[in-house]
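See below for the structure under consideration.
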Amino acid sequence: MVFSFYLATACLLAIASAQSSCGPSPSGKVRPSIASGYKWQVVATGLARPRGIAFDDQGRLLVVESGSGNLSAHTLSEDGSGCVTVNSSKNVVTGLSLNHGIAFDNNNRMLYASNTNDTYGWQYDSSAISVSNQQTLVSNMSGTDHSTRTLLLPQSAPGMLVISFGSLSNLDLSATNMDSGTASVKAFNLTNSTNTYTYQTDGLLLGWGLRNEVGLAEHPATGGIWGVENSADQMTRHGVDVHATNPGEELNFLGYVNGTESAQEGSNFGYPWCFSAWNPSILPDNGQIEVGTQFAIDASPDLDNQNKTDAFCANQTQSRLVFTSHMAPLDIKFNDTGRQAWITFHGSWNSPQPVGYKLSVVNFTDSGEPVDALTSRTAAVDIFGNANNSVCPNDCFRPVAMALDSRGRIFLSSDATGEIYLVTKDETAGGTPTTSPSSSTSSSSGASSSTTSAGSGMSARYSSSVFGLSCLSILAFFFM
Ligand SMILES: *[C@@H]1O[C@H](CO)[C@@H](O)[C@H](O)[C@H]1NC(C)=O
Ligand SMILES: *[C@@H]1O[C@H](CO)[C@@H](O)[C@H](O)[C@H]1NC(C)=O
Ligand SMILES: *[C@@H]1O[C@H](CO)[C@@H](O)[C@H](O)[C@H]1NC(C)=O
Ligand SMILES: *[C@@H]1O[C@H](CO)[C@@H](O)[C@H](O)[C@H]1NC(C)=O
Ligand SMILES: *[C@@H]1O[C@H](CO)[C@@H](O)[C@H](O)[C@H]1NC(C)=O
Ligand SMILES: *[C@@H]1O[C@H](CO)[C@@H](O)[C@H](O)[C@H]1NC(C)=O
Ligand SMILES: *[C@@H]1O[C@H](CO)[C@@H](O)[C@H](O)[C@H]1NC(C)=O
Ligand SMILES: *[C@@H]1O[C@H](CO)[C@@H](O)[C@H](O)[C@H]1NC(C)=O
Ligand SMILES: *[C@@H]1O[C@H](CO)[C@@H](O)[C@H](O)[C@H]1NC(C)=O
Ligand SMILES: *[C@@H]1O[C@H](CO)[C@@H](O)[C@H](O)[C@H]1NC(C)=O
Ligand SMILES: *[C@@H]1O[C@H](CO)[C@@H](O)[C@H](O)[C@H]1NC(C)=O
Ligand SMILES: *[C@@H]1O[C@H](CO)[C@@H](O)[C@H](O)[C@H]1NC(C)=O
Ligand SMILES: [Ca+2]
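Take the sequence shown: its letters are residues -18 to -1, 1 to 462, numbered as in mature numbering (1 follows the signal peptide of the UniProt record, and there is no 0).
Written as structure tokens, this is what we have:
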């Protein structure tokens, strides 16, 4: 079980790399790598740590550049072969230290964006590419460490704005007080509101005990709100350091904002007392613990030396899926049918081996639930990543946020490299993945390509490549 999981993960991480000849080259030494059946290109480079992205009603890409605090609009051009480039760019909002959150209400021509402390709204003129009538909608979210305030406008409840407010540190005792607002997700009704809401005292509580729910999405068929959580670092249990492969990153179901009731809504999801197991085998006293089970951690000064039990943790709302520890999920977006959830993994310092730095996909059922059970370790399938995670974070792109266009194409920001990528299905690829260790050719139609040198021999406008072979050497590590 453990080994088959590592086999799958290791092989997926070993996907071959190839450079696209459409659009700019990747920044620096970045070498992207993609699964068979998909292709990638760089759309934009040189942005100032791009985070949240969204399309306006003209198909322009708006980008929160956290490095400058500005919000910029990029008019895109597309040639006959589907190659997308930036035609022109313009700053739309400056001077507010915007750092992540962005949302569009195209019906009402409203743009929303956030910095650490406040969420703003503007009327947006997509002809002039400009904003007016700035309002501060929700305030009092200041805090260090986890500084993003993700925004979501659910289609099932027009006028409601969902905001995620993360914890203020790795283990944050203030999160045990529901009134603090930290480590929670809330929804605010903007319809005809005239005053600025205070995060702590206003709004509808969707969940608390959520360490840092950076990614938020609404399921298109059910209206259910889903979040992906960045879980804790440096974890110990019963005096044993278990941080290398625990806790799991989480996919949580947060209920609905349109009045449909659910048991989850407003409940406590465990943090900072309880964490989900990713690798139960290294946890002391693991008799009752499976993958995804929430367990108690050691008392520590950060938590005022207080303790909770595994029985207490079993009583908190559990997640619906878990992912490899420390991959740092930052965004989730459903495709049009709601049967695919795309998740970006930014990667984190706290994993002994670099993990994440990639875009994965999770299957959902027609009724809007993950196909896999909570105990699964193979729910997330890797689509786009870096060719060699050993060189991460320095020489890797780091996926942050996505915007899907009406054709299901995925635009993807990378803050570390200042880039926007485009990942699409490769309609010309017919082949199935190969794991043949002797493969050495490459083409634009999904034939095998191995592996270590980017770009050589690629002459097609795009390249798609296939899962490579270094599985054995990577596996050897895990058997040690
Ligand atoms: C950029 O947009 C302008 C105005 O729409 C258009 O005339 C021009 O052809 C575009 N440039 C490219 C490279 O597509
Ligand atoms: C951000 O906006 C400021 C004006 O407030 C401007 O001086 C600066 O050049 C802008 N930065 C970028 C990267 O566009
Ligand atoms: C947020 O508020 C804090 C505390 O008042 C302040 O120090 C910080 O500069 C503010 N940050 C922004 C981006 O406004
Ligand atoms: C604003 O946040 C601070 C903590 O940063 C808190 O002490 C205060 O009560 C909040 N204000 C309101 C009105 O809730
Ligand atoms: C919001 O305000 C407008 C203008 O005053 C009014 O026509 C509308 O009925 C209000 N909507 C709600 C839901 O109260
Ligand atoms: C909430 O939205 C979902 C999806 O549109 C719908 O099925 C459900 O009936 C809605 N609930 C209410 C109370 O309107
Ligand atoms: C939001 O507020 C408006 C105006 O008071 C109200 O008509 C609407 O039902 C509210 N929406 C939700 C989802 O509660
Ligand atoms: C915390 O719980 C553990 C295991 O139940 C126990 O050994 C330890 O003494 C407790 N620590 C505190 C500070 O209560
Ligand atoms: C679990 O929750 C139930 C119902 O709220 C409560 O009666 C019970 O005491 C809780 N158990 C623990 C260990 O917290
Ligand atoms: C996800 O669903 C697709 C069909 O839509 C299937 O080909 C694929 O194997 C599924 N992946 C997993 C991990 O179940
Ligand atoms: C990955 O990078 C590491 C560190 O630079 C290097 O030692 C290793 O050979 C690389 N592996 C491949 C397959 O390129
Ligand atoms: C969304 O996912 C489903 C299930 O895998 C797939 O059939 C459909 O083509 C996807 N939609 C787009 C636009 O890619
Ligand atoms: Ca949890």
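Beta carbons are placed, not taken as given, at the ideal position from N, Cα and C, and that holds for glycine. No experiment lies behind these values; they were computed from the predicted model shown.
Asked, Found
"Tell me whether Ser301, by its Cβ, gets closer than 7 angstroms to a heavy atom of ligand 13.", "yes"
"Say yes only if the C-beta of Gly390 is nearer than 7 angstroms to one or more non-hydrogen atoms of ligand 12, and no if none qualify.", "yes"
"Beta carbon of Ser121, beta carbon of Thr180: below 8 angstroms?", "yes"
"DSSP three-state call for Pro419: helix, strand or coil?", "The predicted model places Pro419 with a pLDDT of 27, which falls under 50 and marks its position as unreliable, so this point remains unresolved."
"Output the residues surrounding ligand 1, defined as those with a CB atom closer than 5 angstroms to any ligand heavy atom, in chain order.", "Ser59 and Asn69"
"Bridge partners for Val24 per DSSP, in chain order?", "Tyr403"
"Count the other C-beta atoms from every protein chain shown that fall within 10 angstroms of the C-beta of Arg22, then say buried if there are 16 or more, exposed otherwise.", "For the record, residue 22 in the displayed sequence is Trp; it is not Arg. That one is buried."
"Going by beta-carbon coordinates alone, are Thr132 and Val68 separated by less than 8 angstroms?", "no"
"Tell me the DSSP secondary structure of Ala203 in three-state form.", "coil"
"Less than 7 angstroms between the CB of Thr173 and some heavy atom of ligand 5, yes or no?", "yes"
"Please determine whether the Cβ atom of Thr406 lies at a distance below 7 angstroms from any heavy atom of ligand 12.", "no"
"Count the C-beta pairs between the stretch 260 to 274 and the stretch 352 to 372 that are closer than 8 angstroms, then say yes if the count reaches three, no if not.", "yes"
"Less than 8 angstroms separating the beta-carbons of Thr326 and Leu303?", "no"
"Ala259 and Phe277: beta carbons closer than 8 angstroms?", "yes"
"For Ser426 and Gly64, what's the separation of their Cα atoms in angstroms?", "Legend: pLDDT at Ser426 = 28, less than 50; position of this residue unreliable, no value from coordinates given."
"Quick one, what's near ligand 6 if you take every residue whose CB is closer than 6 angstroms to any heavy atom, in chain order?", "Ser138, Thr204, Gly205, Tyr238, Asn240, Gly241 and Thr242"
"Measuring CB to CB, does Leu404 end up less than 8 angstroms from Arg391?", "yes"
"Compare the C-alpha of Glu401 against each of Val25, Pro262, Ser244 and Asn99 and name the closest.", "Val25"
"Run through the DSSP bridge pairs and tell me what Trp255 is partnered with.", "Looking at the DSSP assignment, Trp255 forms no beta bridge with any residue, so it has no partner."
"Return the CA-CA distance between Asp223 and Ser18, expressed in angstroms with no decimal places.", "38 angstroms"
"Excluding the 5 residues flanking Ser441 on each side, which residues of the same chain have their C-beta closer than 6 angstroms to its C-beta?", "Since pLDDT at Ser441 reaches only 24, below the 50 mark, its modelled position is unreliable, and the value read off the structure follows with that caveat. Closer than 6 angstroms at Cβ, skipping near neighbours: no residue."
"Return the CA-CA distance between Ala214 and His225, expressed in angstroms with no decimal places.", "9 angstroms"
"Are Ala331 and Val343 close, meaning C-beta to C-beta below 8 angstroms?", "Looking at the sequence itself, residue 331 is Trp, so the reference to Ala does not match. Their beta carbons are not under 8 angstroms apart, which means Trp331 does not touch Val343 by this criterion."
"Consult DSSP for Pro8 and reduce its assignment to one of helix, strand or coil.", "coil"
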